[in-house]
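I have placed the structure first, in the form of structure tokens, so that the comments after it can refer back to it.
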Amino acid sequence: MKADSRGISADRLVLDWLIPASFALLVSATIRFHSLAPGPSMPRMVGDLLAIAAIMLVLLMALGRHLAVPRDITRLLIALGAAAAVSVLGSGGTDISLLRLELYLAIALLAIVFYLAHRDTGQIPLASYFLGIGLVHLPFLMTAVLWIKGLTPPFWQYGLRVADFAHVRQFGEFGFFAAVSSTALTALSRRAGLPAFLLAFAAVFGIVLTGCRGALLSWILFVVLLCFFSPARLRIAVHGFAVLALSAGLVWYLDHSGLLPSPNIFNRVAQLAQGEGPGFDSGRIPLWMSSLKQIAAHPLFGSGPEGYWLSGCCDRTIMQAHDFILQFLMEFGAVGCSILALIVIRTIKHLGGGAALLKRAGATPGNRILSCLMVAYLAYSLIDQTMYHLVPLLHMALFSGLLAAGLAQARITVAST
14 MKADSRGISA DRLVLDWLIP ASFALLVSAT IRFHSLAPGP SMPRMVGDLL
64 AIAAIMLVLL MALGRHLAVP RDITRLLIAL GAAAAVSVLG SGGTDISLLR
114 LELYLAIALL AIVFYLAHRD TGQIPLASYF LGIGLVHLPF LMTAVLWIKG
164 LTPPFWQYGL RVADFAHVRQ FGEFGFFAAV SSTALTALSR RAGLPAFLLA
214 FAAVFGIVLT GCRGALLSWI LFVVLLCFFS PARLRIAVHG FAVLALSAGL
264 VWYLDHSGLL PSPNIFNRVA QLAQGEGPGF DSGRIPLWMS SLKQIAAHPL
314 FGSGPEGYWL SGCCDRTIMQ AHDFILQFLM EFGAVGCSIL ALIVIRTIKH
364 LGGGAALLKR AGATPGNRIL SCLMVAYLAY SLIDQTMYHL VPLLHMALFS
414 GLLAAGLAQA RITVAST
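Take a look at the structure:
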């Protein structure tokens with residue numbers, strides 16, 4: 014009995030702490046070695062991620078964690094692979110396009126890894142993952158604060174880099190994941206209230222300090238969704254209001270006192286009110302319209318992965334369409350995106366249909382939190398296409414894999430009600 018107890022304890026140690034800590038370290042290493050120079054480092058990062066995902070899948074299967082794919086889904090996956098191959102071959106830059114496709118494959122495999130790792134465990138260690146993401150953010154926040162302190166207003170006149178990130182929006186994206194993860198801790202447990210508040214405060218402080226409106230609005234959307242769908246709505250509402258008020262208040266005080274002038278949200282709003290800068294949409298609408306023209310020019314199979322950049326259709330100072338629907342339509346066309354939509358529809362059918370899926374999504378506190386998080390993530394991707402960058406894609410793999418595992422575990426709960 015003691016040996017069995019030790020075995021179970023060791024299993025829980027790996028699942029509850031080692032895997033979440035490994036993910037946090039992976040995110041930290043990705044930022045350190047990739048985010049400042051994403052182009053040159055991408056081939057190495059994609060190769061490493063594919064290797065990590067393949068090794069983890071082999072280990073999980075050796076431990077008996079098998080993945081059964083229905084025949085109709087298998088056929089659709091084969092069709093999707095064929096359509097993607099056509100898109101790559103017609104991209105006009107096969108090497109670059111294939112590298113982006115390999116990245117998508119690595120992220121899909123990592124999502125499967127997280128799904129298999131936690132599908133049959135009975136309890137998903139969400140708190141460990143959320144805590145790890147919030148803690149990893151702290152050193153990067155401190156570096157960003159020191160970076161901004163060394164700048165001279167007006168900000169960004171020499172480029173939009175901030176500390177370890179090639180673009181300030183990428184720092185805001187990471188801040189969003191730290192903010193939603195820390196707020197999710199509050200929803201999971203009352204005992205996590207103070208650490209969750211401090212970590213969320215730090216993340217939102219960084220977002221407001223750097224003027225990342227999309228990240229701030231998406232975090233607010235997450236808080237609002239949790240207030241609607243979580244029984245702990247009062248605690249979440251107080252947490253959200255206190256985090257926003259205190260972090261924004263501190264940024265305002267530091268800026269106006271001269272202790273830490275910054276390109277913060279308040280300054281961006283003031284510039285909009287004065288008619289300065291690119292406007293409220295930050296140039297999104299012209300970008301989206303030109304992206305639609307490129308989609309219309311190659312409607313069936315698109316311009317291939319990385320098609321925005323390869324086609325030269327639009328603003329060459331940026332790398333992607335800043336909307337995940339437009340991006341994927343541009344890359345894979347109507348054929349590829351339709352097959353992907355069919356895979357989603359057939360998967361929902363195998364899960365019992367839309368009504369059963371919604372019941373599973375609301376069956377546990379963890380599922381409700383992850384569902385709200387994914388909605389906020391997708392909303393963010395509608396205006397910034399966060400799924401283009403590697404750090405958000407890693408979080409996409411994590412959250413989608415954990416949600417899939419939670420939905421699978423909730424099957425028994427829903428069936429018994």
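Numbering (the numbering used here), first residue to last: 14 to 430.
Glycine included, C-beta positions come from ideal geometry on N, C-alpha and C.
Exercise. For residue 266, does the count of other Cβ atoms within 10 angstroms reach 16, so buried, or fall short, so exposed?
Worked result: Within the sequence shown, residue 266 is the residue found at index 253, counting from 1. Its Cβ having fewer than 16 others within 10 Å, residue 266 is exposed.
Exercise. In terms of residues, what are the limits of the alpha helix (DSSP H) holding residue 109?
Worked result: Numbered from 1 along the sequence shown, position 96 holds the residue referred to as residue 109. Its alpha helix (DSSP H) spans residues 107-132.
Exercise. With burial defined as no fewer than 16 other Cβ atoms inside 10 Å of the residue's Cβ, what is the status of residue 66: buried or exposed?
Worked result: The residue you call residue 66 lines up with position 53 of the sequence shown. With 16 or more Cβ atoms within 10 Å of its Cβ, residue 66 is classed as buried.
Exercise. When DSSP builds the beta bridges, which residues end up paired with residue 178?
Worked result: On the sequence shown, residue 178 is found 165 positions in, with the first residue counted as 1. Residue pairing of residue 178 in beta bridges, as defined by DSSP: 175.
Exercise. From residue 85 to residue 421, what does the alpha carbon distance come to, in whole angstroms?
Worked result: Residue 85 sits at position 72 when you count from the first residue of the sequence shown. Residue 421 sits at position 408 when you count from the first residue of the sequence shown. Cα-Cα distance, rounded: 19 Å.
Exercise. Terminal residues of the continuous alpha helix (DSSP H) containing residue 360?
Worked result: The residue labelled residue 360 in the question sits at position 347 within the sequence shown. DSSP places residue 360 inside the alpha helix (DSSP H), whose first and last residues are 337-363.
Problem set entry | Supposed close pair residue 414, residue 193 - CB separation, criterion 8 Å | Here the question's residue 414 lines up with position 401 in the sequence shown. Here the question's residue 193 lines up with position 180 in the sequence shown. Wrong, their Cβ atoms sit about 16 Å apart, outside the cutoff.
Problem set entry | Euclidean distance between Cα positions of residue 165 and residue 264 | The residue given as residue 165 occupies position 152 in the sequence shown. The residue given as residue 264 occupies position 251 in the sequence shown. Looking at the two C-alpha atoms, the distance is approximately 17 Å.
Exercise. What residues in its chain sit with their C-beta under 6 Å from that of residue 123, if we drop five residues either side in the sequence?
Worked result: Indexing the sequence shown from 1 puts residue 123 at position 110. Excluding its 5 nearest sequence neighbours in each direction, residue 123 has C-beta neighbours in its own chain below 6 Å: 66, 410, listed in chain order.
Exercise. Is the segment 340-355 in contact with the segment 136-143, if contact means three or more CB pairs nearer than 8 Å?
Worked result: Judged by Cβ distances under 8 Å, the segment 340-355 makes no contact with the segment 136-143, as fewer than three pairs qualify.
Exercise. With distances taken between CB atoms, is the gap from residue 227 to residue 397 smaller than 8 Å?
Worked result: Taking the first residue of the sequence shown as position 1, residue 227 is located at position 214. Taking the first residue of the sequence shown as position 1, residue 397 is located at position 384. Against a cut-off of 8 Å, the Cβ pair of residue 397 and residue 227 comes out as a contact.
Exercise. If you draw a straight line from the C-alpha of residue 255 to the C-alpha of residue 353, how long is it?
Worked result: Position 242 of the sequence shown, counting from 1, holds the residue named residue 255. Position 340 of the sequence shown, counting from 1, holds the residue named residue 353. Looking at the two C-alpha atoms, the distance is approximately 41 Å.
For this session: Within 10 angstroms of the Cβ of residue 401, are there 16 or more other Cβ atoms? Answer buried if so, exposed if not.
Result: Along the sequence shown, one-based indexing puts residue 401 at 388. Result: buried.
For this session: Can you have a look at residue 18 and say buried or exposed, based on whether 16 or more other CB atoms are within 10 angstroms of its CB?
Result: In the sequence shown, counting from the first residue as 1, residue 18 sits at position 5. In this prediction, residue 18 scores a pLDDT of 43, lower than 50, which makes its location untrustworthy; no coordinate-derived value is stated.
Problem set entry | Of the residues 407, 236, 336, the one placed nearest residue 116, counting alpha carbons only | Against the sequence shown, residue 116 aligns to sequence position 103. Taking only the C-alpha atoms, the option nearest residue 116 is 407.
For this session: Just the C-alpha distance for residue 179 and residue 51, rounded to the nearest angstrom, thanks.
Result: The sequence position of residue 179 within the sequence shown is 166, counting from 1. The sequence position of residue 51 within the sequence shown is 38, counting from 1. Taking the straight line from one Cα to the other gives about 8 Å.
Exercise. Which value, in whole angstroms, describes the spacing of the CA atoms of residue 315 and residue 92?
Worked result: To locate residue 315, count along the sequence shown from 1; it is residue 302. To locate residue 92, count along the sequence shown from 1; it is residue 79. Looking at the two C-alpha atoms, the distance is approximately 15 Å.
Problem set entry | Closest residue to residue 405 among 191, 77, 99 (Cα-Cα distance) | Translated into positions along the sequence shown, residue 405 becomes position 392. That would be 191, whose Cα lies nearest to the Cα of residue 405.
Exercise. What residue from 399, 110, 63, 99 has the CA that sits closest to residue 336's CA?
Worked result: In the sequence shown, residue 336 corresponds to position 323, counting from 1. Of the candidates 399, 110, 63, 99, the one whose C-alpha sits nearest the C-alpha of residue 336 is 399.
Problem set entry | Cutoff 6 Å; reference residue 319; Cβ partners in own chain excluding five residues on either side | For the purposes of this step, residue 319 is taken as the residue at position 306 of the sequence shown. Only 109, 110, 113 meet the Cβ criterion.
Problem set entry | Any 3 or more C-beta pairs closer than 8 Å across the segment 170-187 and the segment 367-374 | no
Problem set entry | Reduced DSSP secondary structure (H/G/I, E/B, other) of residue 376 | Position 363 of the sequence shown, counting from 1, holds the residue named residue 376. Correct three-state label for residue 376: coil.
Exercise. Just the Cα atoms here: how many angstroms apart are residue 146 and residue 37?
Worked result: Here residue 146 corresponds to residue number 133 of the sequence shown, with the count starting at 1. Here residue 37 corresponds to residue number 24 of the sequence shown, with the count starting at 1. Going from the Cα of residue 146 to the Cα of residue 37 covers about 6 Å.
Exercise. On the premise that residue 137 lies in contact with residue 419, defined as a C-beta separation below 8 Å, what is that separation, rounded to the nearest angstrom?
Worked result: Residue 419 sits at position 406 when you count from the first residue of the sequence shown. Residue 137 sits at position 124 when you count from the first residue of the sequence shown. Between residue 137 and residue 419 the Cβ distance is about 6 Å, and since that is below 8 Å, they are a contact.
Problem set entry | residue 130 versus 53, 89, 172, 29, residue with shortest Cα-Cα distance | As a working note, residue 130 is residue 117 in the sequence shown. Comparing Cα-Cα distances from residue 130 to each of 53, 89, 172, 29, the minimum goes to 29.
Exercise. What whole-angstrom Cβ distance do residue 203 and residue 248 have, given they're in contact under 8 Å?
Worked result: Residue mapping note: residue 203 aligns to position 190 of the sequence shown, counting from 1. Residue mapping note: residue 248 aligns to position 235 of the sequence shown, counting from 1. That belief holds up - the Cβ atoms of residue 203 and residue 248 are roughly 7 Å apart, short of 8 Å.
Problem set entry | C-alpha gap between residue 323 and residue 106, whole angstroms | As a first step, residue 323 is located in the sequence shown; it is residue number 310 there, counting from the start. As a first step, residue 106 is located in the sequence shown; it is residue number 93 there, counting from the start. Straight-line Cα distance between these residues: approximately 7 Å.
Exercise. Does the distance from the C-beta atom of residue 229 to that of residue 389 stay below 8 Å?
Worked result: For the purposes of this step, residue 229 is identified with residue 216 of the sequence shown, where counting begins at 1. For the purposes of this step, residue 389 is identified with residue 376 of the sequence shown, where counting begins at 1. It is not a contact, given that the beta carbons lie outside the stated cut-off.
Problem set entry | residue 280, DSSP secondary structure in three states | Walking along the sequence shown from the start, residue 280 turns up at place 267. Three-state DSSP puts residue 280 in a helix.
Problem set entry | Three-state class that DSSP yields for residue 166 in the structure shown | Taking the first residue of the sequence shown as 1, we reach residue 166 at position 153. In this structure, residue 166 counts as coil in the three-state DSSP scheme.
For this session: Specify the secondary structure class of residue 412 as computed by DSSP and reduced to three states.
Result: If you number the sequence shown from 1, residue 412 lands on position 399. Residue 412: helix per DSSP, three-state reduction.
Exercise. According to the neighbour-count rule (16 or more other Cβ atoms, all chains shown, within 10 Å of its Cβ), is residue 150 buried or exposed?
Worked result: On the sequence shown, position 137 is the one that residue 150 refers to. When all chains shown are included, residue 150 counts as buried.
Exercise. How far does the alpha helix (DSSP H) with residue 40 in it reach, from first residue to last?
Worked result: On the sequence shown, residue 40 is found 27 positions in, with the first residue counted as 1. From DSSP, the alpha helix (DSSP H) with residue 40 extends over 32-43.
For this session: Taking residue 266 as part of the alpha helix (DSSP H), name the residues at either end of that continuous run.
Result: Position 253 of the sequence shown holds residue 266. Segment 246-270, the alpha helix (DSSP H) holding residue 266.
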